[in-house]
Amino acid sequence: GAVVSQHPSWVICKSGTSVKIECRSLDFQATTMFWYRQFPKQSLMLMATSNEGSKATYEQGVEKDKFLINHASLTLSTLTVTSAHPEDSSFYICSARDSRGGQPQHFGDGTRLSIL
Amino acid sequence: AQTVTQSQPEMSVQEAETVTLSCTYDTSESDYYLFWYKQPPSRQMILVIRQEAYKQQNATENRFSVNFQKAAKSFSLKISDSQLGDAAMYFCAYRSPTGTASKLTFGTGTRLQVTL
Chain P
1 GAVVSQHPSW VICKSGTSVK IECRSLDFQA TTMFWYRQFP KQSLMLMATS
51 NEGSKATYEQ GVEKDKFLIN HASLTLSTLT VTSAHPEDSS FYICSARDSR
101 GGQPQHFGDG TRLSIL
Chain L
1 AQTVTQSQPE MSVQEAETVT LSCTYDTSES DYYLFWYKQP PSRQMILVIR
51 QEAYKQQNAT ENRFSVNFQK AAKSFSLKIS DSQLGDAAMY FCAYRSPTGT
101 ASKLTFGTGT RLQVTL
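Below you can see the structure in the form of structure tokens.
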């Protein structure tokens with residue numbers, strides 16, 4: 001079946017550094033990928049929609065300069081948390097839609113980000 | 001904007017028994033998709049079942065079935081013959097059919113405990 005690989009699965013870094021998270025569709029092309037954030041015991045909140053070859057669409061309240069999204073190919077989207085601070089610590093999950101259409105979105109396994 | 005409401009933060013069921021998780025949603029669209037996702041402690045998002053709004057027949061997947069009431073905007077999940085492995089967070093989700101609005105909107109989740 002379709003697989004979405006998300007890397008890294010867990011990262012710990014110092015405050016002020018930038019962290020890049022990758023989301024790859026392994027056996028299908030994805031013109032659209034989605035980035036979610038999940039706080040402990042809470043639901044998934046959509047941060048942005050990543051579109052191949054164009055700018056990402058951010059949800060209201062999400063800082064574009066803080067969370068940089070690049071979707072340079074049909075199989076890869078990256079989320080960079082710039083100048084990370086402890087409040088950015090969270091669980092980040094990506095999902096991808098097959099360009100051929102159909103359901104459903106395929107989710108990565110998530111990245112646990114801890115900023116010290 | 002669409003909203004999804006799960007009014008049961010936690011539910012408990014005995015092994016081999018049946019449990020129903022509630023979900024209501026608000027939308028002005030006539031065509032859409034509804035999903036139930038399971039998130040175990042590993043935090044993977046696993047698709048349990050999906051329903052197309054234009055289909056009157058309720059979806060079923062083995063021990064999982066839904067009660068889709070379009071007029072009432074209700075989409076409950078029934079788990080029959082509950083197993084220990086069913087213990088997880090369950091999220092109800094809504095998706096518009098096409099276009100940039102095709103993102104998933106999640107409910108707040110229901111934590112299901114399965115007891116012996």
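As you go down the protein sequences, you meet chains P and L in turn.
Just so you know, we're using my numbering here: the first sequence kicks off at 1 and counts up by one.
Just so you know, we're using my numbering here: the second sequence kicks off at 1 and counts up by one.
C-beta: ideal position from N, C-alpha, C; glycine also.
All figures in this text were calculated on a predicted structure; none of them were measured in a lab.
{"Check": "In chain order, what residues of the same chain have a beta carbon less than 8 Å from the beta carbon of Q38 of chain P, not counting five sequence neighbours either side?", "Outcome": "L44, M45, S90, F91, Y92, I93, G110"}
{"Check": "Is DSSP giving E15 of chain L helix, strand or coil here?", "Outcome": "coil"}
{"Check": "Alpha carbons only, please: which of P:A84, P:T78, P:D98, P:R100 is nearest the one belonging to C23 of chain P?", "Outcome": "P:T78"}
{"Check": "Specify the secondary structure class of L74 of chain P as computed by DSSP and reduced to three states.", "Outcome": "coil"}
{"Check": "Would you call W35 of chain P buried or exposed, if buried means 16 or more other Cβ atoms sit within 10 Å of its Cβ?", "Outcome": "buried"}
{"Check": "For F107 of chain P, return the contacting residues in chain L, with the cut-off set at a CB-CB distance below 9 Å.", "Outcome": "Y37, Q44, M45, I46, L47"}
{"Check": "So, does the CB of R37 of chain P fall closer than 9 Å to a CB anywhere in chain L?", "Outcome": "no"}
{"Check": "Taking the alpha-carbon of E63 of chain P as reference, which of P:L74, P:S83, P:E52, P:A72 has the nearest alpha-carbon?", "Outcome": "P:S83"}
{"Check": "Who pairs with K78 of chain L in a beta bridge, going by DSSP?", "Outcome": "L:T20, L:S65"}
{"Check": "Would you mind giving the Cβ-Cβ distance between T57 of chain P and V19 of chain P, rounded to the nearest angstrom? I have them listed as a contact below 8 Å.", "Outcome": "Their Cβ separation, rounded to whole angstroms, is 22 Å, which puts T57 of chain P and V19 of chain P out of contact at 8 Å."}
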